[in-house]
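Residue numbering for the sequence shown follows my numbering, starting at 7 and increasing by one per position.
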Amino acid sequence: MNHAIAADGTRLWYDVHGAGETLLLIHGQSLDHEMWEGVYEDLVERFRVVRVDLRGTGGSDAPLDRAYSMELLARDVLAVLDDLGVDRAHVYGFSMGGKVAQTLVSIAPERVGALVLGATAPGGRNEVERPEHASLALRRASSEEGRELIGPLFYTPEWAWERPETVTRILPRNPLRAQRRHYEASLKHDGWDLLPRIQAPTLVVHGEDDELTPVGNAELLAERIPGAELLVLPGARHGYLHEAAPKATEAVLDFLTRNPLS
7 MNHAIAADGT RLWYDVHGAG ETLLLIHGQS LDHEMWEGVY EDLVERFRVV RVDLRGTGGS
67 DAPLDRAYSM ELLARDVLAV LDDLGVDRAH VYGFSMGGKV AQTLVSIAPE RVGALVLGAT
127 APGGRNEVER PEHASLALRR ASSEEGRELI GPLFYTPEWA WERPETVTRI LPRNPLRAQR
187 RHYEASLKHD GWDLLPRIQA PTLVVHGEDD ELTPVGNAEL LAERIPGAEL LVLPGARHGY
247 LHEAAPKATE AVLDFLTRNP LS
């Protein structure tokens with residue numbers, strides 16, 4: 007178990023697996039490093055993989071005396087890289103983690119090699135909004151009915167039924183007030199003006215049937231970020247990284263291999 011210390015003293019949990027170029031994984035809203043189970047093991051075959059728990063989740067502290075923002079979370083991620091002594095790393099951000107990654111590459115472009123944005127959006131008024139029933143499910147994700155509401159938004163019902171442990175890992179387990187901090191930070195993010203300035207090689211990955219973050223957002227990101235590549239996975243929902251494996255992971259590995267740090 008490792009902890010980096012943020013500028014305000016917040017302890018940030020992370021772990022490290024494998025060897026090679028560093029690949030930092032940033033999880034989604036109110037989730038934690040366990041959402042990468044079943045994915046990071048394949049990434050480790052070629053990369054030194056770092057999983058981090060953002061503040062308010064998992065093994066990290068959950069200070070609630072201030073609002074969270076994408077910049078605050080991005081600087082937390084930089085604290086992890088500093089603790090590891092890593093000057094540059096590839097970054098793979100999923101859902102809200104993709105918004106953190108957008109911000110990270112904007113405030114510290116020299117620290118990011120290649121960028122993978124999964125199931126995420128630009129934020130602000132240009133973001134393609136999710137349907138109301140998906141927003142309701144997100145707000146109730148940690149309630150008793152959360153599993154029934156969130157599960158089908160991440161995965162097709164048949165796939166989820168056969169893998170209950172995977173569904174459990176995408177349900178929020180952090181304190182309710184910390185969940186609110188994450189929700190508000192994601193809601194306030196507006197990366198529209200940041201995107202054209204991203205110079206890192208970028209791969210945008212999305213499930214075609216995603217309702218939590220509609221696929222139109224992937225198209226906006228790919229159009230807005232110079233030279234970005236776009237992969238839309240037919241029949242996949244928000245949890246494409248699990249249900250559309252190994253295709254999704256193989257695409258990420260191929261992209262990162264084609265865009266080395268050196």
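Even for Gly, the Cβ is constructed at its ideal location relative to N, Cα and C. Quantities reported herein were computed from a predicted structural model and do not represent experimental measurements.
Give the straight-line distance between the Cα atoms of residue 140 and residue 70, rounded to the nearest whole angstrom.
Mapped onto the sequence shown, residue 140 falls at position 134. Mapped onto the sequence shown, residue 70 falls at position 64. Each residue's Cα considered, the two are about 26 Å apart.
Given that a residue counts as buried once 16 or more other Cβ atoms are within 10 Å of its Cβ, and exposed if not, what is residue 7?
In the sequence shown, the residue the question calls residue 7 occupies position 1. So residue 7 ends up on the exposed side.
Have a look at residue 124 and residue 164 and give me their C-alpha separation to the nearest angstrom.
In the sequence shown, residue 124 corresponds to position 118, counting from 1. In the sequence shown, residue 164 corresponds to position 158, counting from 1. For residue 124 and residue 164, the distance between alpha carbons rounds to 23 Å.
Go through the segment 184-246 residue by residue and report every complete run of the beta strand (DSSP E) that reaches 3 residues or more, in order.
208-213 and 235-239
Once you ignore the five residues that flank residue 202 on each side, which residues in its own chain have a CB closer than 8 Å to its CB?
Counting from one through the sequence shown, the residue named residue 202 turns up at place 196. Around residue 202: 230, 231 and 232.
Nearest by alpha-carbon distance to residue 241: which of 183, 166 and 161 is it?
Residue 241 sits at position 235 when you count from the first residue of the sequence shown. Comparing Cα-Cα distances from residue 241 to each of 183, 166 and 161, the minimum goes to 161.
Between the segment 148-157 and the segment 22-30, are three or more C-beta pairs nearer than 8 Å?
no
Just how far apart, CA to CA, sit residue 20 and residue 59?
For the purposes of this step, residue 20 is identified with residue 14 of the sequence shown, where counting begins at 1. For the purposes of this step, residue 59 is identified with residue 53 of the sequence shown, where counting begins at 1. Going by the C-alpha atoms only, they are around 6 Å apart.
State the Cα-Cα distance for the pair residue 92 and residue 189, rounded to the nearest angstrom.
Residue 92 sits at position 86 when you count from the first residue of the sequence shown. Residue 189 sits at position 183 when you count from the first residue of the sequence shown. The straight-line gap from Cα to Cα measures roughly 29 Å.
Taking the alpha carbon of residue 42 as the point to measure from, which residue in 236, 103 and 192 has its own alpha carbon closest?
Locating residue 42 in the sequence shown gives position 36, counting from the first residue. Of 236, 103 and 192, the residue nearest in Cα terms is 103.
Does the contact criterion of 3 or more C-beta pairs under 8 Å hold for the segment 180-187 versus the segment 198-217?
no
Apart from the five residues just before and just after residue 132, which ones in its own chain have a Cβ nearer than 7 Å to its Cβ?
As a first step, residue 132 must be located in the sequence shown, where it is residue number 126. Result list for residue 132: 198 and 226, in chain order.
Residue environment, residue 255, which counts as buried when at least 16 other CB atoms sit within 10 Å:
To locate residue 255, count along the sequence shown from 1; it is residue 249. Buried, by the Cβ-count rule.
Which runs of the beta strand (DSSP E) at least 3 residues long sit entirely within the segment 60-123? Give them in chain order.
95-100
Would the segment 82-99 and the segment 164-176 be scored as touching if the rule is three or more Cβ pairs under 8 Å?
no
In DSSP terms, what residue 20 is bridged to
Within the sequence shown, residue 20 is the residue found at index 14, counting from 1. According to DSSP, residue 20 bridges with 8 and 58.
Give a yes or no on whether the C-beta atoms belonging to residue 122 and residue 98 are separated by under 8 Å.
Here residue 122 refers to the residue found at position 116 of the sequence shown. Here residue 98 refers to the residue found at position 92 of the sequence shown. Yes, the Cβ-Cβ distance between residue 122 and residue 98 is below 8 Å.
Helix, strand or coil for residue 174? Go by DSSP, reduced to three states.
By one-based count along the sequence shown, residue 174 stands at place 168. Note: residue 174 maps to helix in three-state DSSP.
Would you list the one or two residues that DSSP bridges to residue 30?
Working through the sequence shown from its first residue, we reach residue 30 at position 24. According to DSSP, which records beta bridges pairwise, residue 30 is partnered with 56 and 97.
Under the three-state DSSP convention, the category residue 15 falls into:
Position 9 of the sequence shown, counting from 1, holds the residue named residue 15. Of the three classes helix, strand and coil, the one that applies to residue 15 here is coil, per DSSP.
Once DSSP output is grouped into helix, strand and coil, what is the label at residue 129?
Within the sequence shown, numbered from 1, the residue matching residue 129 stands at position 123. Three-state DSSP puts residue 129 in a strand.
Just to confirm my understanding: we take residue 38, look at its own chain, exclude 5 residues before and 5 after, and list those with CB closer than 7 Å. What are they?
As a first step, residue 38 is located in the sequence shown; it is residue number 32 there, counting from the start. Around residue 38: 59, 63 and 64.
Put residue 249 into one of helix, strand or coil per three-state DSSP.
The residue you call residue 249 lines up with position 243 of the sequence shown. In the structure shown, residue 249 sits in a helix (DSSP, three-state: H, G or I).
Alpha carbon of residue 261 to alpha carbon of residue 35, nearest angstrom:
In the sequence shown, residue 261 corresponds to position 255, counting from 1. In the sequence shown, residue 35 corresponds to position 29, counting from 1. Between residue 261 and residue 35, the C-alpha separation is close to 25 Å.
Outcome for residue 30 when other beta-carbon atoms lying within 10 angstroms are tallied against a minimum of 16
Here the question's residue 30 lines up with position 24 in the sequence shown. So residue 30 counts as buried.
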